[in-house]
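Residue numbers (the working numbering): 343 to 678.
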């Protein structure tokens, strides 16, 4: 692999996801991440936006932290399609030469990022849980590795841009500011070969009533719940506490929760005032998503469960015996 001429590459880019004229929350979080990185290394922050009729959105991005906005507008870009998106952005990367390029670790970003990286001959770190700049001005990309047993720091010293996808919730979205920036429209040159793929219909999955990333209290369940019939105790406790319901990978695989309720490396990062985990073993793939919770309470019948190393309060017991009593006491308090 031919190395890049590092000195030619400048600035930090953020790919902005949008749908139906709405900016995604994680894209705005990444603009905050970019601002944090510029405190360690002076760089211009550039937002990259593709879509149909997104001129108004492009004008709003400087208020979220972008110094410059590159935007492409075309009817074929209304919905995400990997070939035209990758072609337009890769061409722009080769022309403008950014030093760092951040994309959301969503299904769109996870599909798009490796295509761009391959086209521009650079590396990619996926599902990062932290970013920083080292003393050499290189991007430190922290990701879970070896099945989540360790946290690895990855560098890309010989190739540019330094590319990373970042999970939703890792950085907090900043507040909009009255800021102006440079907005530059990018030409779109797509062939019939680029547009062989089409979106015929879009069906939206029903989401949880309360978004776990915004909730002050989260009740989460793991494989230790045992079966779908007993999952009711997770939901009953959450309802009693006016909390959001979350879970680990096994409950998602069993169909007990929706994808937007999964917490951890491949799901959501949460920062509630109270996290209550039931039947959760505590593998790092999950705990990386709750490490910023103010208070963590864990209930598991295995005294050696790893979750107790993370918890502020641990209870070794069968949740089937504890949770019904807890609900009863909470209901008494609400209805004296």
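Beta carbons are placed, not taken as given, at the ideal position from N, Cα and C, and that holds for glycine. Nothing here was measured: the structure is a model prediction, and the numbers come from that model.
Using DSSP's beta-bridge definition, name the partner residues of residue 482. Paired residue(s): 474.
Measure the C-alpha to C-alpha separation of residue 514 and residue 596 and round it to an integer number of angstroms. Looking at the two C-alpha atoms, the distance is approximately 31 angstroms.
Give the DSSP-derived three-state secondary structure of residue 554 in the structure shown. Residue 554 carries a helical assignment under DSSP once its states are collapsed to helix, strand and coil.
So, do the segment 387–394 and the segment 347–367 have three or more beta carbon pairs nearer to each other than 8 angstroms? Enough Cβ pairs lie closer than 8 angstroms, so yes.
So residue 627 is in the alpha helix (DSSP H); what residue range does that whole segment cover? That run of the alpha helix (DSSP H) goes 626–629.
Whether or not the segment 391–410 and the segment 518–533 are in contact is what I'm after, with contact meaning three or more pairs of Cβ atoms, one per stretch, closer than 8 angstroms; do they touch? Verdict: yes, contact present.
Residue 449 (DSSP reduced to helix, strand or coil): Residue state, collapsed to three classes: helix.
Excluding the five sequence neighbours on either side, which residues of its own chain have a C-beta within less than 6 angstroms of the C-beta of residue 616, listed in chain order? 559, 637.
Please state if the CB of residue 624 and the CB of residue 586 are separated by a distance shorter than 8 angstroms. Contact check for residue 586 against residue 624 fails: the beta carbons are separated by 8 angstroms or more.
Beta strand (DSSP E) segment containing residue 437, residue limits: Note, residue 437: premise wrong, no beta strand (DSSP E); alpha helix (DSSP H) at 424–438.
Buried or exposed: residue 603, going by 16 or more other Cβ atoms within 10 Å of its Cβ? With 16 or more Cβ atoms within 10 Å of its Cβ, residue 603 is classed as buried.
Residue from 373, 428, 409, 396 whose Cα sits closest to the Cα of residue 417: Answer by Cα proximity: 396.
Any contact of the segment 420–435 with the segment 445–462, i.e. 3+ C-beta pairs under 8 angstroms? The segment 420–435, when compared against the segment 445–462, does touch it at the 8 angstroms Cβ threshold.
Between the CA atoms of residue 642 and residue 568 - distance to the nearest angstrom: The straight-line gap separating the alpha-carbon atoms of residue 568 and residue 642 is approximately 12 angstroms.
Apply the 10 Å Cβ neighbour rule to residue 566 and answer buried if 16 or more other Cβ atoms are within range, or exposed otherwise. Per the 10 Å Cβ criterion, buried.
Inter-stretch contact (C-beta, 8 angstroms, three-pair minimum) for the segment 502–514 and the segment 528–548: Under the Cβ criterion (8 angstroms, minimum of three pairs), the segment 502–514 does not count as touching the segment 528–548.
Alpha carbon of residue 546 to alpha carbon of residue 361, nearest angstrom: So the two alpha carbons sit approximately 12 angstroms from each other.
Separation of residue 577 from residue 467, as counted between CA atoms: Our two residues, residue 467 and residue 577, have alpha carbons roughly 36 angstroms apart in a direct line.
What are the partner residues of residue 412, as DSSP defines its beta bridges? Residue 412 is bridged to 390, 526.
If you follow the beta strand (DSSP E) that residue 520 is in, where does it begin and where does it stop? In the DSSP annotation of this structure, residue 520 is not part of any beta strand (DSSP E), being labelled neither H nor E.
Residues sharing a beta bridge with residue 604, DSSP: Paired residue(s): 589.
Can you tell me where the alpha helix (DSSP H) with residue 652 in it begins and where it stops? Per DSSP, residue 652 belongs to the alpha helix (DSSP H) from 649–652.
Taking C-beta to C-beta, are residue 590 and residue 612 nearer than 8 angstroms? Not a contact, by the Cβ cut-off of 8 angstroms.
With DSSP collapsed to three states, give me the class of residue 395. In this structure, DSSP gives residue 395 a state outside helix and strand, which the three-state scheme calls coil.
Under a three-way DSSP split, which group does residue 348 fall into? Note: residue 348 maps to helix in three-state DSSP.
DSSP puts residue 355 in a beta bridge; with which residues? BP columns for residue 355 point to 388, 443.
Quick check: what's the CA-CA separation for residue 640 versus residue 350? In this model, residue 640 and residue 350 are separated by some 50 angstroms (Cα to Cα).
Using CA atoms only, rank isn't needed, just tell me which of 660, 627, 632, 670 is closest to residue 486. The alpha carbon of residue 486 has as its nearest neighbour, out of 660, 627, 632, 670, the alpha carbon of 627.
If you reduce the DSSP assignment to three classes, tell me which class residue 293 lands in. What is shown of the chain runs 343 to 678, which leaves residue 293 out entirely.
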